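Residue numbers (this note's numbering), protein chains in the order written: chain A, 1 to 471; chain C, 1001 to 1096.
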Amino acid sequence: MAFETVIGLEVHAQLSTRSKIFCACSTAFGAPPNANACPVCTGMPGVLPVLNRKAVECTIRTALATSCTVQRRSVFARKNYFYPDLPKAYQISQYELPVALGGHVDIEVDGGTKRIGITRIHMEEDAGKLVHEGEFAGAQASLADLNRCSVPLMEIVSEPDMRTPEEGGAYLRRLHDILVYLGVCDGNMEEGSFRCDANVSVRPVGQVAFGTKAELKNMNSFRNVEKALEYEIRRQVELIEDGGKVVQETRLWDANAGVTVSMRRKEEAHDYRYFPDPDLLPLIVDESWVEELRGTIPEMPAEKIARLARQYGIPRYDAGILASTRALADFFEASAAIYGGNPKTTANECVHWKDAVLAGTLSPETIAHAVEDRERGTISATASKTLVELVLSTGKPFRTLRDEQGLTQVSDTSSLDILVDKVLAASPKEVEGYRAGKAGLLSFFVGQVMKESRGKANPKMVQEVLKKRLG
Amino acid sequence: MAITREEVLHVARLARLSLPEAEAERLREQLSAILDYVKQLDRLDTRDVVPTSHAIETGTPFRDDVVRPFGDREALLANAPDRLNDCFRVPRIIED
């Protein structure tokens, strides 16, 4: 029997705010335990939450960038459960009335575009962190650090529109790019700023009803999400083929073992008894605020890829690499503005030096000068690479180094003539061979002249001079 | 509107309350009485009434995104029954 996979993804993204969602504690990562906690986020009696405007703006901007409809009125609800990382015994979230509904993200698959629906986006607070005491299975206690409690999150829920792990990965990467482009999330997966849970089920091809789904958690990289989906799909298909039944459950991805493991929980653990939080009035977002924020939405990755390809005449593939990071695309455009030339060369250079570009250690001038000097034949490709490395290690300008190092190519024919004569005089046999029809020997002569010039001769000019002399 | 014993025990479990037999029955009666009292509202036609979640119809106020450290970790930890250094120490959670 052939099966079809159905995947829906839930992304939790930490919003780029300085302070928490309902109190003025810092959201900085890596602070000493409980240094970023206060009576509000630790759930002391008598305190009141006050909503962070910036967190709302980040969420609305995400909604606009994913074509969602921003709701004029949304409501914060309490999700009740006991766990020591949650001192209030409830998480403030949104339930029946989230801040945004009904959008989409377009992904690129198999050379085409596929539209993945977004069901909803809602705001909520993060929980604290538990560290288990000691390394032993017999540890008696856990240690709670509440620094993350009330760090602002938005949850972005997709429609079950993905059919393969690759589509899941493509959607996640695209969504990640959008959030980072907007500056609403730093996108750091290791620090948990961008987390993903997956709902996955399989059904016989042609069946309309969804199969029973499993929820996958604990995947902290794009690659792990794809691998976990691949494993889980295989597991479900094999289970059904063996006459078994998929049960609805939460499963944890074990990256080391490469398997998903059932995380058994009592049935009632999911009885969250949501109700509107009486401490927080409804969130009212008026149209003028939405329009003001619409004006702050930058060009999104998909638009940028299309524009770079069109405007600079570079392949879509190259445009995609450049646009994968906003800073890299900006750098490319800045370089291309300084020296137009062939933008494909500039694009290649930007990708080649990507790490340095993103680390901020290269300037657009350096790449523009490197490309210009190469295209004008002033320096060789090898010299260009050497010089950029020297810029990185010394911090001196590219052209200062070029002149200091004497790496300009010899392009004037009179000095090339001397070198060519010398080489030809030293290799009479090869000259004879070439004249007898062994055209392949030309590269031998070019190599000899290059060696003689210690790499400074312009290879194209050398060829021309050689052909003239030998012809 | 009668509430069953099972429902009482379920709600108690969710709230992490342990109920002796006698108390479960007493609470069942009391909760049933409360629900019956509230049930009088069902006599009203509320088909076109939006549920009231808050008594006043204004939006929530906002704060600016500015950090103001609380600065008294000791005061927070002082309320905890157990601690280790600067962490709250809690009974080990068994996941399975």
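A virtual CB, placed ideally from N, CA and C, is assigned to each residue, including glycine. Here the structure is a predicted model, which is why all the values come from computation and not from measurement.
Does any C-beta atom of chain A lie closer than 9 Å to the C-beta of residue i?
i, result
"Arg1092/C", "yes"
"Pro1081/C", "no"
"Val1008/C", "no"
"Ser1053/C", "yes"
"Val1067/C", "yes"
"Thr1004/C", "no"
"Asp1042/C", "no"
"Asp1048/C", "no"
"Arg1028/C", "no"
"Pro1061/C", "yes"
Taking all protein chains shown into account, do 16 or more other C-beta atoms lie within 10 angstroms of the C-beta of residue i, making it buried, or fewer, making it exposed?
i, result
"Asn1079/C", "exposed"
"Ser74/A", "buried"
"Lys88/A", "buried"
"Leu48/A", "exposed"
"Gly19/A", "Sequence inspection shows Ser at residue 19/A; the Gly mentioned does not correspond to that position. Buried."
"Lys266/A", "Unreliable positioning characterises Lys266/A in this predicted model, as indicated by a pLDDT of 48, which lies under 50. A coordinate reading is not provided."
"Phe331/A", "buried"
"Pro1081/C", "exposed"
"Phe210/A", "exposed"
"Arg273/A", "exposed"
"Ser158/A", "buried"
"Val56/A", "buried"
Looking only at its chain, what residues have a beta carbon closer than 8 Å to the beta carbon of residue i, apart from the 5 residues adjacent to it on each side?
i, result
"Pro315/A", "Ala309 and Lys344"
"Met263/A", "Lys217, Glu249, Thr250, Arg251 and Leu252"
Could you tell me the distance, in whole angstroms, from the CA atom of residue i to the CA atom of residue j?
i, j, result
"Ala423/A", "Lys438/A", "Reading off the sequence shown, one finds Val at residue 423/A, where the question assumed Ala. Distance between the alpha carbons of Val423/A and Lys438/A: 17 Å."
"Ala24/A", "Asn52/A", "9 Å"
"Asp355/A", "Asn199/A", "35 Å"
"Arg195/A", "His132/A", "21 Å"
"Leu283/A", "Lys54/A", "13 Å"
"Ser1053/C", "Ala31/A", "37 Å"
"Leu130/A", "Pro84/A", "8 Å"
"Asp286/A", "Glu292/A", "10 Å"
"Lys213/A", "Leu1019/C", "36 Å"
"Lys79/A", "Asp197/A", "18 Å"
"Phe275/A", "Leu97/A", "11 Å"
"Ser193/A", "Ile178/A", "14 Å"
"Thr386/A", "Arg402/A", "10 Å"
"Val50/A", "Arg1063/C", "6 Å"
"Thr113/A", "Pro364/A", "32 Å"
"Tyr1037/C", "Gln1030/C", "11 Å"
"Phe82/A", "Cys1087/C", "18 Å"
With the cut-off set at 9 Å, would you say residue i and residue j are in Cβ contact?
i, j, result
"Trp253/A", "Val247/A", "no"
"Pro278/A", "Leu1076/C", "no"
"Ser142/A", "His104/A", "no"
"Glu299/A", "Gly341/A", "no"
"Ser1032/C", "Ile1056/C", "no"
"Gln207/A", "Glu4/A", "yes"
"Ile7/A", "Leu229/A", "yes"
"Ala1024/C", "Leu1009/C", "yes"
"Ile121/A", "Phe22/A", "no"
"Arg251/A", "Glu232/A", "yes"
"Val151/A", "Met123/A", "no"
"Leu281/A", "Pro1061/C", "yes"
"Glu241/A", "Met1/A", "yes"
"Lys227/A", "Ala255/A", "yes"
"Met1050/C", "Ser26/A", "Looking at the sequence itself, residue 1050/C is Val, so the reference to Met does not match. Contact flag unset, no."
"Ala383/A", "Thr408/A", "yes"
"Ala302/A", "Arg173/A", "no"
"Val388/A", "Leu358/A", "no"
Spatial neighbours of residue i within its chain, please: CB distance less than 6 Å, with the 5 preceding and 5 following residues excluded, ordered by chain position.
i, result
"Val351/A", "Ile321"
"Ala63/A", "Val70, Ala100 and Ile121"
"Ala368/A", "Ser335, Ile338 and Tyr339"
"Ile156/A", "Val11 and Ile121"
"Arg148/A", "Asp126, Gly128 and Lys129"
Could you pull out every residue in the same chain whose Cβ sits closer than 7 Å to the Cβ of residue i, ignoring the five residues on either side in sequence?
i, result
"Glu268/A", "Confidence at Glu268/A is low in this model, with a pLDDT of 47, below 50, so the placement of that residue is unreliable and no value is reported for it."
"Ser16/A", "Cys58, Gly183, Val184, Cys185 and Asp186"
"Val465/A", "Thr413, Leu416, Asp417 and Val420"
"Met189/A", "Asn220 and Ser221"
"Ala347/A", "Ile314, Asp318, Leu322 and Phe332"
"Leu1041/C", "none"
Answer with yes or no whether the minimum CB distance from residue i to chain C is below 9 Å.
i, result
"Gln91/A", "no"
"Lys213/A", "no"
"Ser193/A", "no"
"Gln140/A", "yes"
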